[in-house]
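Line by line, the protein sequences give chains A, B, C and D.
If you read the first sequence in our numbering, its first letter stands for residue 772, the second for the next number, and so on.
If you read the second sequence in our numbering, its first letter stands for residue 772, the second for the next number, and so on.
If you read the third sequence in our numbering, its first letter stands for residue 5, the second for the next number, and so on.
If you read the fourth sequence in our numbering, its first letter stands for residue 5, the second for the next number, and so on.
Below is one structure, written out as C-alpha cells; the observations come after it.
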Amino acid sequence: MSWNLCGIELGSPLVAASGPLGWGKEFFEIFSTDGLGLFIPKTVTLKPKVGNPPPRIVETTGGLINSIGLENDGVYEWLKLEDLYRSLDIPVMASIAGGSLEELSTLGEIMEKLDYIAGVELNLSCPNVEGENWSNNTTSVLEATREVRKTYSRLLFVKLPPKDNIFPYIEASRSGGADGFTLFNTLPACDRIKGGLSGPAIKPVYIRLLKEIMEEIDIPVMASGGVMTEKDVRDYLYLGVKAVQIGTAFFKDPDIAKRIYQELQ
Amino acid sequence: MSWNLCGIELGSPLVAASGPLGWGKEFFEIFSTDGLGLFIPKTVTLKPKVGNPPPRIVETTGGLINSIGLENDGVYEWLKLEDLYRSLDIPVMASIAGGSLEELSTLGEIMEKLDYIAGVELNLSCPNVEGENWSNNTTSVLEATREVRKTYSRLLFVKLPPKDNIFPYIEASRSGGADGFTLFNTLPACDRIKGGLSGPAIKPVYIRLLKEIMEEIDIPVMASGGVMTEKDVRDYLYLGVKAVQIGTAFFKDPDIAKRIYQELQ
Amino acid sequence: MPEIYSGEVLENRSAGELFLLTVSIGKSIDIIPGQFFLIRIDREDTVLRRAFSIFDKNDDRLSFLYRVVGKGTGWLSERKTGYELNIFGPLGNGFSLVEGRSLLVGGGTGMAPLYYLGKNINGDVDFLLGAQRKTFWSEELLSRYRDIGNLELVTEDGSSGKKGLVTQYIKNACYTKVYACGPMEMLKSIDIDVPAEVSLESVIACGFGACRGCIVETVSGEYKRVCKDGPIFDLREISI
Amino acid sequence: MPEIYSGEVLENRSAGELFLLTVSIGKSIDIIPGQFFLIRIDREDTVLRRAFSIFDKNDDRLSFLYRVVGKGTGWLSERKTGYELNIFGPLGNGFSLVEGRSLLVGGGTGMAPLYYLGKNINGDVDFLLGAQRKTFWSEELLSRYRDIGNLELVTEDGSSGKKGLVTQYIKNACYTKVYACGPMEMLKSIDIDVPAEVSLESVIACGFGACRGCIVETVSGEYKRVCKDGPIFDLREISI
Ligand SMILES: Cc1cc2nc3c(=O)[nH]c(=O)nc-3n(C[C@H](O)[C@H](O)[C@H](O)COP(=O)(O)OP(=O)(O)OC[C@H]3O[C@@H](n4cnc5c(N)ncnc54)[C@H](O)[C@@H]3O)c2cc1C
Ligand SMILES: Cc1cc2nc3c(=O)[nH]c(=O)nc-3n(C[C@H](O)[C@H](O)[C@H](O)COP(=O)(O)OP(=O)(O)OC[C@H]3O[C@@H](n4cnc5c(N)ncnc54)[C@H](O)[C@@H]3O)c2cc1C
Ligand SMILES: Cc1cc2nc3c(=O)[nH]c(=O)nc-3n(C[C@H](O)[C@H](O)[C@H](O)COP(=O)(O)O)c2cc1C
Ligand SMILES: Cc1cc2nc3c(=O)[nH]c(=O)nc-3n(C[C@H](O)[C@H](O)[C@H](O)COP(=O)(O)O)c2cc1C
Ligand code: FES
Ligand code: FES
C-alpha cells in the first residue's frame, strides 16, 4: 500500500501527531518508525517556551486533558535535530506556532531552507496558550496562513480547532494559501485543569464535525482525534481523509502505529 | 437544605432532565421522586411526532449517542397526564419545542393555563431533528424566545446547545424574555448514527464552556451534561448553577437521584 | 413491578461457549418467561445496562445464560462468586403461554429464554436448538433442556445433530404454538402457519418504555418499544 | 533501554493494605533501584498507563507493591495468575547508590522502591517505615525488609512501633545517605544535613521524557520531568 499526501508519498496513512512524542529524540531512541507514514514533532516556536505550571495532565472518562502550554526549547534547539530527522526512514513535517505575524514569517523562512522537512503544519489551534489562539476569528486565520505562505513555498497544512462552524475558517485559510488541513486539535475542556481534551471520548464528536466538512468540500485533510484502534482509523479513512494522526494512543501503547498498521493490512 | 430556582422552591438541586425518562408515566409507576427537586418531562410538541427510524442509540466510550428525534404523542396526549403531575410531590417544568413560531406560541398559550406546571423549558437545541434547530443563529433564538414569552408569563428557561461562542445566543434569548438557561443539550456526534452525545465523556467539555459563561455573566442556570456521581453535581454547583440536571445516568441507575441526594447531605 | 435488586453471584461459569450466571436476590418474585433483566455493568466507560432474558428461576435464585460478545458481557464473565450485581427487572411483556404442543426454536444464545419458557408450558415441548458448531453447548446444559422436553440439535457445520440452519428444520406439524428466539435474519426466515411468538433484541437504554430508544418497526410501519411492548412480539408483527 | 514486555502474572495477592504483584517477563534485565515501569490498564476508559516502582527483581521476575487507590489500581488488583500484563520499562533515572550506612524512609506506599534499593546497597541499611495503622503491612512483607536491614515502624495511631509521622523520627545520626519516598508533604518536611534523595510522583503520560506532562518545579524555578530527569531527585532540588 502507498498513500499520497498532496504529493508526498507515505508508506502508511498513520501519522504521529504533534505533541505527545515531543521532538522525537526520546521516542526514537526506544522505538522505530514501524507503522508510521509521517512524523510531526511537537510544535516549535521561535523562542523557547517554559510552558504552563503543573499539573499539566488530568485523565477523564475515556480522555485526557493536557495543558502543556507549548513548552519547547525554541526553533534553534530544534534545528539541532537535523541528523535525527535525516536518519528516519519516513518524512517529517514541522509543526510551527507563533505569537505574532513576524514570528510566523521568520519560522516560515527557516523551514523553507530545510530540505529534510516535507512540509509544515501551522498550529493555529493550541487551546492552552493564552493570547496565541489565532482561531478566534477568520481574519487572523487568513493573516497567519498568508504570512507563512509568503516565506514557505512547500506543503502547508493548517491545524484548526474543533468548532461548530468551521467552514469560514477553512475558506479563510485556503485563501491565505493553505494546501490542506489537520482537523482537529484538542477539544477545550476542564477538569481540575483547563486544557485540551483528547482520546476516545472526543472521537464521535470529531467524526460528526469532519463528516459534515468532507461531505461539503473537497480539501486534503489529515484527521486527528481519539484514534485508539484500527477501526477508528478506518472510520476516518472512510470519510475520505488522506491520513490519520495518532496522539494520545501513544501513551497507552508506544508501539500503537506498528500494531494498527499490521491490522490495516 | 432548600434550593431556589428563580422563585420556585426545590427540595433538591437534582433535576430529571427532559428525555431519558419520557413523560414520567412509566418511571413513576416504578420509582418515587426521592432525591429529585424537579421533573422535566420529555419535550412536548404540538402535534405527535413519530421520531427517527432505528437504530436510535449507540454507546460510545463513556457516552451515548441518541437520535430519538423528539418522538412524542403531542401536547394533547401529554395534557392527559395532569393527574400524574399533580400527584407528584415535586414541581414539574414542561419542556416544549416547535417547528414554527405559531407552534411555539400555541404551546405557550396552552402552558400558561396549567397551574400544575412550575415553568417552561424551551428546547431550542435538539440535535436530532432536521430543520428544527433554532440555535443556528441568534435571530431565530431571539424570535423563538420572544414568541413563547408573548403567551407564557411565568418561569421560562431556554435550553441551548453547547457552542464555542454562546454569549450572543444567551443575550439574544434574554432580550427575548428568557429568565434562565439550561446549559447544555447533547453534543452533536456520530458513531454509526448521527445524534447527540451525552454521558460522562462530555462533562469536561461542558464544565469548560459553563465556567467561561459563569465567570462572565450572572444568569440563572441549570447545568446539564454528564452527571454520574455526587462529585459531578458538586463540580457544577461549584460554578454557581442553581440546579443540576441528570439524564443518561438514569439508564445506569434509575434510582440515581436518590443516591446522589443522600451523598450530598 | 420491576425493582432494583442486589444479586449476589452464586455461580458464574462457562457452559460450552456460553456462560451460566446464577444470582440470589434474597426473595422469590414472579417472572413471566421471556421477560428480561437489566444488569448494571460497573465500568466507567459504559452507561447502559445489559439486557438478559431470564433463563431459569428457583426460589430467590435467578439464572442467566449469556455469551461474551463485548465489553459488558466480558466484564460480566469476570465476576466471581460473592460479587453483588445490580439487577433491574423483570422487564418486558413475556411470552403468552398456551396449552398443547409447542415448538421452541432457539438460534445461538436465543436458546436462553426457552428453558424457563419450556418449564412453564403446560403440555408437550419440542426444543429445536441451533448453533455454529457442537462446542457451543455443554452436555450438561443440553441435558437440562432434555429433562423438560424433546431436544433436536442443528449445527451449521454438522458437528452435532442436523446440518444447516435451524429454520430449515421447522416443520408445521401439529404444533399449537411456535416460540422463537435468535438473530433477526433467523426470525425473519421462519415460515409457518401456526401462531408464533418471537423475542427481539435492540439496544436497551431505560428498559421500562420511557426513552423510546429501543424501537423496532412493525409490519404496519408503526414503531414499537422492544423493552415494553416486547421483547416478545407476534411473528406477523415483525417487519420483513 | 526501556522495552515493552508481556508480563505473565505469577502472583497478585494482598499483603496488608497493599497488593504484591509478581510477573515474569521471560528474560532477566538490568534495573536500577528507584526506576519504574508503566503498566497498561486494559480498560477503555483509561488512556494512561500506571506507574509503579520496582519492588523486587529475581531473574526474569519483577515484583511491584501497590495500593488500590482508583480505577487503574482497582483493575490491576483483579488480575489473576496467567494474565498477560503489558509492561513498559524500566524508566527513570533511579537512585544513586553509595557505600556506608543508609537510612531508607518510606511513608505509606513509599516503601515500595526501598526494598530493592536496600537489597542493592553495599553497606548497612536502616528502614524507617510509616503508615496510618498497623494493618497497613502484613507480617510477611515486613519480614522481607527485616531480612536485609534494621526495621523501625511508625504508625499514626500508634498501633505498631512509634506513634506519629515518620519524619519525626529521622535522626541525623551517622548516615552517609538518606533515601526517602512518600507523599509530597512528608518529603518536604524532611530536615537533615546528610545528602538525601527522594522519589517523586506525578501523573505520567509518555514516561520517556517526550510529552512534558509530568513536570515538577524545582527550587530554582526550573521545570523537571519526573519520568526522565527523575523520579529520583536530590532533596535540595525540590521546591518548598
Ligand atoms: C431483551 C433482551 C434479552 C437478551 N437476552 C440475552 C440473553 O439471555 N443472553 C445473551 O447472551 N444475550 C442476551 N441479549 C443480548 C445482550 O443484551 C447483548 O449481548 C449485550 O448487551 C452485549 O453487551 P456487550 O457490552 O458485551 O457488547 P458490545 O457489543 O460491547 O455492546 C455495545 C452496545 O451495544 C449493545 N448491544 C450489543 N449487542 C446487543 C444485542 N444483541 N442486543 C441488545 N443490545 C446489544 C450493548 O448493550 C451496548 O450498549 C438480550 C438482549 C435483549 C434486548
Ligand atoms: C514514578 C512513580 C512510581 C510509583 N510507584 C508506585 C508504587 O510502587 N506503588 C504504588 O502503589 N503506587 C506507585 N505510584 C503511584 C501510582 O502510579 C498511582 O497510585 C496510580 O497511578 C493510581 O492509579 P489509579 O487509576 O488507581 O488512581 P486514579 O486516582 O483513578 O487515577 C487517576 C489518574 O491520576 C493518576 N494518579 C493518581 N494518583 C497518582 C500518583 N500518586 N502518582 C502518579 N499518578 C497518579 C493516575 O495515573 C491516573 O492517570 C507511583 C507513581 C509514580 C509517578
Ligand atoms: C500531551 C499532548 C501534547 C500536545 N501538544 C501539541 C502540540 O504541541 N501541537 C499540536 O498541534 N497539537 C498538540 N497536541 C494535540 C495532538 O496533536 C492531537 O491533535 C490531539 O491530541 C487529538 O488527537 P488524539 O486524541 O489522538 O490525541 C497535543 C496533545 C497532547 C495529548
Ligand atoms: C435518550 C435521550 C433523550 C433525550 N431527549 C431530550 C428531549 O426530548 N428534550 C431535551 O431537551 N433534551 C433531551 N435529551 C438531552 C438531555 O435532557 C440532557 O440535556 C443531555 O442528555 C445531557 O445530559 P446527560 O449527560 O446527563 O444525559 C435527551 C437525552 C437522551 C440521552
Ligand atoms: S429502552 Fe427506553 S423505551 Fe425501551
Ligand atoms: S510523562 Fe511525558 S515527559 Fe514525563
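For glycine and all other residues, C-beta sits at the position ideal for the given N, C-alpha and C.
- Cβ atoms of Glu883(B) and Thr922(B) come within 8 Å of each other, at about 6 Å.
- In the assembly as shown, Asn894(B) is a buried residue. Its beta-carbon has 16 or more other beta-carbons within 10 Å.
- In this structure, the alpha-carbon of Ser206(C) lies about 27 Å from that of Asp130(C).
- Secondary structure in the segment 159–191 of chain C: no alpha helix (DSSP H) run of 4 residues or longer lies completely within the stretch.
- Scanning chain C for C-beta atoms nearer than 7 Å to the C-beta of Glu48(D) yields Asp49, Lys75, reported in chain order.
- Here Pro1025(B) has Phe798, Ile801, Phe802 as same chain residues with Cβ atoms under 8 Å from its own Cβ, once five neighbours each way along the sequence are excluded.
- Listed along chain B, no residue sits closer than 7 Å to Ala135(C) by beta-carbon distance, the nearest being about 26 Å off.
- At least one heavy atom of ligand 3 lies less than 7 Å from the C-beta of Val998(A).
- Annotation note: the segment 57–114 of chain D contains the following uninterrupted beta strand (DSSP E) runs of length 3 or greater, listed N- to C-terminal: 60–62, 65–70, 88–95, 106–111.
- Contact annotation: Arg53(C) and Phe1021(B) have beta-carbon atoms that are not nearer than 8 Å.
- Bounds of the alpha helix (DSSP H) holding Phe799(B) are 796–801.
- For the segment 797–810 of chain B, the beta-carbon criterion of a distance under 8 Å to any beta-carbon of chain C is satisfied by Glu797, Phe798, Glu800, Ile801.
- A straight line joining the alpha-carbon of Ile836(A) with that of Pro975(A) spans about 17 Å.
- With respect to Phe23(C), Ile91(C) sits apart: the two C-beta atoms are not nearer than 8 Å.
- Scanning its chain for C-beta atoms nearer than 6 Å, with the 5 sequence neighbours on each side dropped, one finds around Asp128(D) the residues Arg105, in chain order.
- Spatial neighbours of Leu781(B) in its own chain (CB-CB distance under 8 Å, excluding positions within 5 residues in sequence) are listed in chain order as Ser773, Trp774, Asn775, Gly808, Leu809, Ile861, Pro862, Ala1014.
- Per DSSP, Asp130(D) lies in no alpha helix (DSSP H) segment; the continuous beta strand (DSSP E) that holds it begins and ends at 129–135.
- Glu842(A) reaches chain D at Arg216, Ile219, Tyr227, counting residues in chain order whose Cβ is nearer than 9 Å.
- Against Asp935(A), the close residues of chain B are Lys934, Asp935, in the order they occur along the chain (beta-carbon pairs closer than 7 Å).
- DSSP, read as helix, strand or coil, puts Ala868(B) in coil.
- Approximately 13 Å separates the beta-carbon atoms of Cys218(C) and Pro791(B); this is outside 8 Å, ruling out the contact.
- Distance from the CA atom of Pro812(B) to the CA atom of Pro991(A), rounded to whole angstroms, is 45 Å.
- DSSP places Lys1002(B) inside the alpha helix (DSSP H), whose first and last residues are 1001–1009.
- In the three-state reduction of the DSSP assignment, Ser995(A) falls in the strand class.
- In the pairwise beta carbon analysis, the segment 954–961 of chain B is classified as touching the segment 975–985 of chain A: at least three pairs are separated by under 8 Å.
- Asp854(B): member of the alpha helix (DSSP H) spanning 853–858, first to last residue.
- If the five residues before and after Glu1001(A) are omitted, its C-beta is found closer than 7 Å to the C-beta atoms of Ile1031, Glu1034, Leu1035, all from its own chain and listed in chain order.
- Between Ile978(B) and chain A, the shortest Cβ-Cβ separation is below 8 Å.
- The Cβ atoms of Val170(C) and Tyr87(C) do not sit closer than 8 Å to each other.
- Under the three-state reduction of DSSP, Pro939(A) is assigned to helix.
- Here Asn843(B) carries a strand assignment [DSSP, helix/strand/coil].
- Exposure of Val73(D) is indicated by the presence of fewer than 16 other C-beta atoms within 10 angstroms of its C-beta.
- Short of 7 Å from the beta carbon of Tyr119(C), and not among the five residues preceding or following it, lie these beta carbons of its own chain, in chain order: Phe59, Asp60, Arg148, Tyr149.
- Under a 10 Å Cβ-count criterion, Glu918(A) is classified as buried, with 16 or more other Cβ atoms of the shown protein chains found around its own Cβ.
- Note: Leu835(B) is bridge-paired with Glu830(B), Ser969(B) in the DSSP secondary-structure output.
- Per the C-alpha coordinates, the member of Glu15(D), Ile8(D), Ile45(D), Gln39(D) positioned closest to Cys185(D) is Gln39(D).
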